[in-house]
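Take a look at the structure set out below.
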Amino acid sequence: MPKSLPFALLLSALLLHACSSITPARQDSTADLSKHFEGLDGCMVLTELSNKQTLRYRPERCAERCSPCSTFKIPHALFALDSGILADADSTIQWDGVARDRTELNRDHTLKSAIKYSVVWYFQEVARRLGLAREQRYVDSINYGNKDLSGGLTQFWLGSSLKISADEQVAFLSRLCRNDLPLSARSMEIVSECLIQREQDGLIYRGKTGSHRYQSDSLGWWVGWVHKDDKTYVFAANVRGPDVSGSVARRVAESVLRDRGILPE
0 MPKSLPFALL
10 LSALLLHACS
20 SITPARQDST
30 ADLSKHFEGL
40 DGCMVLTELS
50 NKQTLRYRPE
60 RCAERCSPCS
70 TFKIPHALFA
80 LDSGILADAD
90 STIQWDGVAR
100 DRTELNRDHT
110 LKSAIKYSVV
120 WYFQEVARRL
130 GLAREQRYVD
140 SINYGNKDLS
150 GGLTQFWLGS
160 SLKISADEQV
170 AFLSRLCRND
180 LPLSARSMEI
190 VSECLIQREQ
200 DGLIYRGKTG
210 SHRYQSDSLG
220 WWVGWVHKDD
230 KTYVFAANVR
240 GPDVSGSVAR
250 RVAESVLRDR
260 GILPE
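Its first residue numbered 0, the sequence shown is counted upward by one per residue in numbering that gives the first Met the number 0.
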């Protein structure tokens with residue numbers, strides 16, 4: 000027997016033991032959440048950050064990229080604050096005088112109210128002030144979706160070239176709520192505050208809708224996170240169909256979160 004063989008066998012045994020002793024970094028699983036989607040074409044990702052457990056409904060759809068729509072207001076607000084384009088949550092941009100379909104859009108808005116009411120024109124002005132080159136640098140720096148801004152400075156996130164998956168939304172938001180993005184801590188704190196939907200009894204619920212109507216189809220998003228009992232649950236849900244919107248995606252996601260005891264009834 001060659002003298003090197005016992006050593007090789009010993010090395011193989013040690014490597015096998017080392018590999019079998021490694022604890023997986025993630026605990027991923029799938030779940031049938033179809034009762035919450037009520038026949039809608041959609042998906043959802045739900046991650047608990049402390050134990051890295053991730054639940055997916057329709058994993059293949061969770062990996063499919065589509066337009067972020069108004070969920071892009073989250074990174075857009077971060078870019079504006081980090082760059083100094085906007086000073087804080089109360090930074091006001093004057094209404095351009097163009098009458099739009101929702102009355103709440105037809106007035107001056109602050110960053111906080113523009114996120115709350117999903118004011119597209121506000122963030123189109125933010126985009127103009129940032130410029131395409133700076134937008135691209137920021138999108139690249141946070142590795143946001145396909146990073147494609149070719150759809151134009153004021154349209155790339157609105158059913159256009161920029162696309163992101165539910166998996167990628169959760170990865171981005173997980174970094175945001177851990178203050179782990181290459182942006183100022185202050186910008187992340189301000190945006191996180193602007194996203195709060197509900198705060199009570201130790202629970203903080205944050206979220207943002209996104210909607211887009213195509214010629215024969217519509218897309219709706221609801222993304223965010225819930226902090227409860229020292230745990231943080233990050234989620235992203237989207238739906239597609241003739242008459243869906245961000246509010247439909249929100250209804251579906253909240254049904255799942257309530258069913259799992261993350262949100263109260």
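All C-beta atoms in this analysis are idealised placements derived from N, C-alpha and C, irrespective of residue type, glycine included.
- Task: Tell me whether Lys207 sits in a helix, a strand or coil according to DSSP, three-state version.
- Result: Locating residue 207 in the sequence shown gives position 208, counting from the first residue. Here Lys207 sits in strand by DSSP.
- Item | Closest by C-alpha distance to Lys34, when choosing among Asn142, Leu175 and Tyr56 | The residue given as residue 34 occupies position 35 in the sequence shown. Minimum Cα distance to Lys34 is reached at Tyr56.
- Message: Taking 8 Å as the cut-off, does the stretch 185-192 touch the stretch 144-159 (at least 3 CB pairs, one atom from each stretch)?
- Response: no
- Shortest alpha-carbon distance to Val243 belongs to which of Ala98, Met43, Asp228 and Ser210? Position 244 of the sequence shown, counted from the start, is the residue given in the question as residue 243. Residue Ser210 is the option with its Cα nearest to Val243.
- Pick from Gly260, Trp220 and Ile195 that is closest to Cys65, judged by C-alpha positions: Along the sequence shown, read from residue 1 onward, the residue named residue 65 stands at position 66. Checking every option, the nearest Cα to that of Cys65 belongs to Trp220.
- Query: Does DSSP put Lys34 in a helix, a strand or coil?
  - Reply: For the purposes of this step, residue 34 is identified with residue 35 of the sequence shown, where counting begins at 1. Judged by DSSP in its simplified three-state form, Lys34 adopts helix.
- In the DSSP assignment, find the alpha helix (DSSP H) that holds Ser217 and state where it starts and stops. Position 218 of the sequence shown, counted from the first residue, corresponds to residue 217. Careful: Ser217 lies outside any alpha helix (DSSP H), inside the beta strand (DSSP E) at Ser217 to Lys227.
- Message: The alpha helix (DSSP H) that contains Ile73, what's its start and end?
- Response: Here the question's residue 73 lines up with position 74 in the sequence shown. It spans Lys72 to Ser82 - the alpha helix (DSSP H) in which Ile73 sits, taken as one unbroken run.
- Task: Pull up the distance between the alpha-carbon of Ser28 and that of Val44, whole angstroms please.
- Result: Stepping through the sequence shown from its first residue, residue 28 is reached at position 29. Stepping through the sequence shown from its first residue, residue 44 is reached at position 45. Ser28 and Val44 have their C-alpha atoms spaced approximately 10 Å apart.
- contact_flag[the stretch 215-235, the stretch 87-95] where n(CB pairs < 8 Å) is 3 or more: Three or more Cβ pairs closer than 8 Å define a contact, and the stretch 215-235 falls short of that threshold against the stretch 87-95.
- Task: Starting from the C-beta of Leu32, find all residues in its chain whose C-beta is less than 7 Å away, skip the five residues before and the five after it, and write them out in chain order.
- Result: Here residue 32 refers to the residue found at position 33 of the sequence shown. Here the set comprises Met43, Tyr56 and Val255.
- Message: Based on DSSP bridge pairs, tell me the residues matched to Leu45.
- Response: Within the sequence shown, numbered from 1, the residue matching residue 45 stands at position 46. In the DSSP output, where bridge partners are listed per residue, Leu45 has Leu54 and Phe234.
- Determine the burial state of Glu124: buried for a count of at least 16 other Cβ atoms within 10 Å of its Cβ, exposed for fewer. Taking the first residue of the sequence shown as position 1, residue 124 is located at position 125. Buried, because 16 or more other Cβ atoms sit within 10 Å of the Cβ of Glu124.
- Pick from Ile84, Pro241, Val138 and Arg174: whose alpha carbon is nearest that of Gly223? On the sequence shown, residue 223 is found 224 positions in, with the first residue counted as 1. Residue Arg174 is the option with its Cα nearest to Gly223.
- Does DSSP put Glu59 in a helix, a strand or coil? Looking up residue 59 in the sequence shown gives position 60. Reduced to three states, the DSSP call for Glu59 is helix.
- Output yes or no for whether 9 Å exceeds the beta carbon distance between Gly245 and Ser117. By 1-based counting over the sequence shown, the position of residue 245 is 246. By 1-based counting over the sequence shown, the position of residue 117 is 118. Yes; because the gap between Cβ atoms is below 9 Å, this pair is in contact.
- State the Cα-Cα distance for the pair Cys176 and Gly96, rounded to the nearest angstrom. For this step, residue 176 is matched to residue 177 along the sequence shown. For this step, residue 96 is matched to residue 97 along the sequence shown. Spanning the two alpha carbons is a distance of roughly 36 Å.
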